[in-house]
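K.L.:
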Amino acid sequence: REYFLREQMKAIQRELGQMDPIQREIAQIRDRIDASGMPERVHAKAVEELERLEVIPSAAPEYSVIRTYIDWLLDLPWTEMTEDNHDLRQAARTLEDNHYGLPRVKERILEFIAVRQLAGPRHKSPIICFVGPPGVGKTSLGRSIAEALGRKFARLSLGGVHDEAEIRGHRRTYIGALPGRIIQTMKDSGSINPVFMLDEVDKMGHDFRGDPAAALLEVLDPEQNNTFSDHYLDVPYDLSKVMFITTANLLDPIPDALLDRMEVIEIPGYTEEEKLRITQKFLIPKQKEAHGLAGETLRFSEATIRQLIRAYTYEAGVRNLERELGAICRKTARRIAEQRRYAHLVRPSLLEKYLGPPRFTHGIVEEQDEVGVATGMAWTRNGGDTMSVEVTLMDGKGGLTLTGQLGDVMQESAQAALSYARANARVLRIDPKRFEKVDIHIHVPEGAVPKDGPSAGITIATALVSAFTGRMVHRDVAMTGEITLRGRVLQVGGIKEKVLGAYRAGVTTVILPTENERDVIEVPRQVKRKLAFIYTRHMDEVLEHALLPPQKRPRREAQKMDAEAKSQQSNGAPQQPEPADKRAQG
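Residues are numbered in the numbering used here as their position in the sequence shown, beginning at 1, plus a constant of 4.
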């Protein structure tokens, strides 16, 4: 009866030209649905929900649920899009103005603009994954790309996301259900073709609530994302016009199925020269403006910036470098505010006054050629570095001790290096019986720092051969490469960072596997000019370039030592190691 009375009331109000507020609101919603440009299936769903809303009393709990759902459908962009910038010169200029270096990234974006210009809207946007250490500008690069393309920028941080519903949303049967964060971010962007950055994609987890990485498979698949289905909306939403960019520090945590859908572009850590140019062009003007130091109020010499990079920061990016510049600017601003004298030009000698004593000392070459000590090259998340491998021989029964917090792979490399030396003892001019009469201790300094990987294989082998033969190792030679039992030298990774670390340490000669010659192309030209590169396939070639010739003993000293050795053998005493080995023990 109530329903019929309400319908009669509505009919009378229509005849009188009057509408109650709810009916007026429903009419407005109907007009918005018709003007929204929704796809036919979504439009039918919205009209169906609106008809349900029309017959439900406004006080009913379902009224607000349906109204919220319709509002989400209306707030989403269905046809709104920005026009792409097809001016390649302008796009290139925008990228250059905002970021220093990164030629591969800039080239890829300009290629996309060129193809889009020729192929038109039918060309699908790439799905790019920027991989690199913290502080190299992956996130800010996304903003620059959006600016260069003339698109809106949307960002979603996935760090710490464990629940699949964060991506796909909850079904409307749940109280307080909402769409997933993909749909929420699209609504905020107000465009169907933004540059959409999925930040920290390698930091996602998974638990009993589902795997968010699996939910991203549909989002990042160009063949499926034109019908992306959110659990809350329950209608397809087209993501095919979105340009997705993901960022990660490491590729290992990303599932293979997800990684396969992305075009990976590695962004390596900056070299010292790149950091210098970035500081001069971007960081110093930014910090001076942020601290109110206009014009020539404060200047930094090139030597000061280099000292800041080497002694006060240890990173692949420039985040901490910017913090240190900010600290100097703050102290200068305080002196100006207090009307005290201050240095207009910051020189290296003033850094201790501003920032305290130096905090970092990068690896430096050995002070002199030594027996049993070889210099290797290491890759870290903060860039490249050098490391010494020390070998000491002691009277014993052939035991092997490994120290320096070495991982399983590095321990196995040491075992392989020792087996190579024992198997080729006569070729290397080592008495095979000596391996049974001495204990071998291999140590890699900085014992608090965990170390692992196969790339120290040839370094360990060189130090071992040096200790057993008494031949010194060139102090200014650094090396990297995996060793096999047959003495083959295999390729390794991180060559650019390792070479830069060796260059900073003062190394003049670098020994690399032959297969890694192609990786040296990425090393800056000014660094390559100051280093000699030796490419090797076998351990024999490594030893030829790493070890000094055997030292000749004076004739009288040799005769005296031979006589002592014969005397000890006749008395049954164990033969003592040669003086060169004694020096290696020290």
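For glycine and all other residues, C-beta sits at the position ideal for the given N, C-alpha and C.
1) Which residues bound the alpha helix (DSSP H) around L162?
2) Using CA coordinates, which residue listed in E486, P226, G124 is at the minimum distance from E267?
3) So the alpha helix (DSSP H) V246 belongs to, where does it begin and stop?
4) Can you look up G321 in the DSSP assignment and give me helix, strand or coil?
5) Look at the Cβ atom of R541, then the Cβ atom of T518, and state whether they are nearer than 9 Å.
6) State the start and end residues of the unbroken alpha helix (DSSP H) segment that holds P65.
7) What number of angstroms, rounded off, separates the C-alpha of T407 from the C-alpha of Y236?
8) Counting only the same chain and skipping the five closest in sequence on each side, list residues whose C-beta sits under 8 Å from that of E561.
9) Does DSSP put D203 in a helix, in a strand, or in coil?
10) So, using beta-carbon positions, are L92 and A118 closer together than 9 Å?
11) State buried or exposed for L38, treating a residue as buried only when at least 16 other CB atoms are found within 10 Å of its CB.
12) If contacts are defined as beta-carbon pairs under 8 Å, then E84 and I196 qualify, I think. What distance do you get, rounded to the angstrom?
13) So is H445 buried or exposed if we call it buried at 16+ other beta carbons inside 10 Å?
14) Are V165 and M208 closer than 9 Å when you measure CB to CB?
15) If you scan the region 122-154 from start to end, which runs of the beta strand (DSSP E) of 3 or more residues do you find wholly inside it?
16) Pick from A418, I434, A429, I499: whose alpha carbon is nearest that of I462?
17) From P125 to E100, what distance separates their C-alpha atoms?
18) Can you grab the Cα-Cα spacing for the pair R71 / L162, in whole Å?
19) Go ahead and label T231 buried or exposed: buried means 16 or more other beta carbons lie within 10 angstroms of its beta carbon, across all protein chains shown.
20) Straight-line CA distance for H47 to Q228?
21) Could you have a look at S233 and say whether DSSP puts it in helix, strand or coil?
22) For S392, report the span of its beta strand (DSSP E) as first-last.
23) Taking DSSP's pairing of strands, which residues face K441 in a bridge?
24) Looking at C-beta atoms only, is the number of pairs between the region 514-530 and the region 391-400 that lie closer than 8 Å three or more?
25) Specify the secondary structure class of Q573 as computed by DSSP and reduced to three states.
26) Grab the span of the alpha helix (DSSP H) containing I462 for me, first residue to last.
27) So the candidates are G146, D79, E356, R508; which of them puts its Cα closest to the Cα of Y316?
28) In chain order, what residues of the same chain have a beta carbon less than 8 Å from the beta carbon of R10, not counting five sequence neighbours either side?
29) Measuring CB to CB, does V531 end up less than 9 Å from T275?
30) Would you report the Cα separation of N102 and S148, rounded to the nearest angstrom?
31) Kindly identify the DSSP beta-bridge partner or partners of D211.
32) Under 8 Å, with one C-beta from each stretch per pair, do the region 301-314 and the region 271-289 reach the 3-pair mark?
33) If you measure from the CB of M381, is any heavy atom of the ligand MN nearer than 8 Å?
34) Closest to V369 by CA distance: which of R363, V377, P362 is it?
35) Using the Cβ count rule (16 or more neighbours within 10 Å means buried), how would you classify V260?
36) Helix, strand or coil: how does DSSP classify P517 here?
P.N.:
Taking the coordinates as given:
1) As a working mapping, residue 162 is identified with position 158 in the sequence shown. Per DSSP, L162 belongs to no alpha helix (DSSP H) and is neither H nor E.
2) Position 263 of the sequence shown holds residue 267. When each option's Cα is compared against that of E267, the closest is P226.
3) On the sequence shown, position 242 is the one that residue 246 refers to. Careful: V246 lies outside any alpha helix (DSSP H) and carries neither H nor E.
4) Taking the first residue of the sequence shown as position 1, residue 321 is located at position 317. In this structure, G321 counts as coil in the three-state DSSP scheme.
5) Stepping through the sequence shown from its first residue, residue 541 is reached at position 537. Stepping through the sequence shown from its first residue, residue 518 is reached at position 514. Yes; because the gap between Cβ atoms is below 9 Å, this pair is in contact.
6) Translated into the one-based positions of the sequence shown, residue 65 becomes position 61. First-last of the alpha helix (DSSP H) with P65: 65-79.
7) For the purposes of this step, residue 407 is taken as the residue at position 403 of the sequence shown. For the purposes of this step, residue 236 is taken as the residue at position 232 of the sequence shown. Their backbone Cα atoms lie some 56 Å apart in a straight line.
8) Along the sequence shown, read from residue 1 onward, the residue named residue 561 stands at position 557. Residue placement at E561 is poorly supported in this model, since its pLDDT is 45, which falls under 50; the coordinates are not used for a value here.
9) Mapped onto the sequence shown, residue 203 falls at position 199. In the structure shown, D203 sits in a strand (DSSP, three-state: E or B).
10) Against the sequence shown, residue 92 aligns to sequence position 88. Against the sequence shown, residue 118 aligns to sequence position 114. In contact: L92 and A118 (Cβ atoms closer than 9 Å).
11) Locating residue 38 in the sequence shown gives position 34, counting from the first residue. Going by the sequence as given, residue 38 is Asp instead of Leu. By the neighbour-count rule (16 or more Cβ atoms within 10 Å), D38 is not buried but exposed.
12) Locating residue 84 in the sequence shown gives position 80, counting from the first residue. Locating residue 196 in the sequence shown gives position 192, counting from the first residue. So it is a contact: roughly 6 Å between Cβ atoms.
13) As a position in the sequence shown, residue 445 is number 441, starting the count at 1. So H445 ends up on the buried side.
14) By one-based count along the sequence shown, residue 165 stands at place 161. By one-based count along the sequence shown, residue 208 stands at place 204. Yes, the Cβ-Cβ distance between V165 and M208 is below 9 Å.
15) 132-135
16) Stepping through the sequence shown from its first residue, residue 462 is reached at position 458. Among A418, I434, A429, I499, the Cα nearest to that of I462 is on A418.
17) Position 121 of the sequence shown holds residue 125. Position 96 of the sequence shown holds residue 100. The straight-line gap from Cα to Cα measures roughly 26 Å.
18) Residue numbering aside, residue 71 sits at position 67 when the sequence shown is read from its first letter. Residue numbering aside, residue 162 sits at position 158 when the sequence shown is read from its first letter. Between R71 and L162, the C-alpha separation is close to 29 Å.
19) Translated into positions along the sequence shown, residue 231 becomes position 227. So T231 ends up on the exposed side.
20) Numbered from its first residue, the sequence shown carries residue 47 at position 43. Numbered from its first residue, the sequence shown carries residue 228 at position 224. Distance between the alpha carbons of H47 and Q228: 21 Å.
21) Sequence index remark: in the sequence shown, residue 233 carries index 229 (1-based). Strand at S233.
22) Position 388 of the sequence shown, counting from 1, holds the residue named residue 392. Where S392 is concerned, the enclosing beta strand (DSSP E) stretches over 387-399.
23) The residue labelled residue 441 in the question sits at position 437 within the sequence shown. In DSSP, K441 forms no bridge with anything.
24) no
25) Within the sequence shown, residue 573 is the residue found at index 569, counting from 1. Per-residue confidence for Q573 stands at a pLDDT of 46, beneath the threshold of 50, marking its modelled position as unreliable; no derived number is given.
26) Locating residue 462 in the sequence shown gives position 458, where the first residue counts as 1. Where I462 is concerned, the enclosing alpha helix (DSSP H) stretches over 461-473.
27) Mapped onto the sequence shown, residue 316 falls at position 312. Out of G146, D79, E356, R508, E356 has the C-alpha closest to the C-alpha of Y316.
28) Stepping through the sequence shown from its first residue, residue 10 is reached at position 6. So no residue of the chain qualifies.
29) Locating residue 531 in the sequence shown gives position 527, counting from the first residue. Locating residue 275 in the sequence shown gives position 271, counting from the first residue. Yes, these two residues count as a Cβ contact at 9 Å.
30) For the purposes of this step, residue 102 is taken as residue 98 along the sequence shown, with counting starting at 1. For the purposes of this step, residue 148 is taken as residue 144 along the sequence shown, with counting starting at 1. Looking at the two C-alpha atoms, the distance is approximately 7 Å.
31) As a working mapping, residue 211 is identified with position 207 in the sequence shown. According to DSSP, D211 bridges with G214.
32) yes
33) The ligand MN is not part of the structure shown, which contains no ligands of any sort.
34) Position 365 of the sequence shown, counting from 1, holds the residue named residue 369. Closest option to V369, Cα to Cα, is V377.
35) Working through the sequence shown from its first residue, we reach residue 260 at position 256. Reading the sequence as shown, one finds Asp at residue 260 and not Val. Looking at its Cβ environment, which holds fewer than 16 other Cβ atoms inside 10 Å, D260 is exposed.
36) Position 513 of the sequence shown, counted from the first residue, corresponds to residue 517. Correct three-state label for P517: strand.
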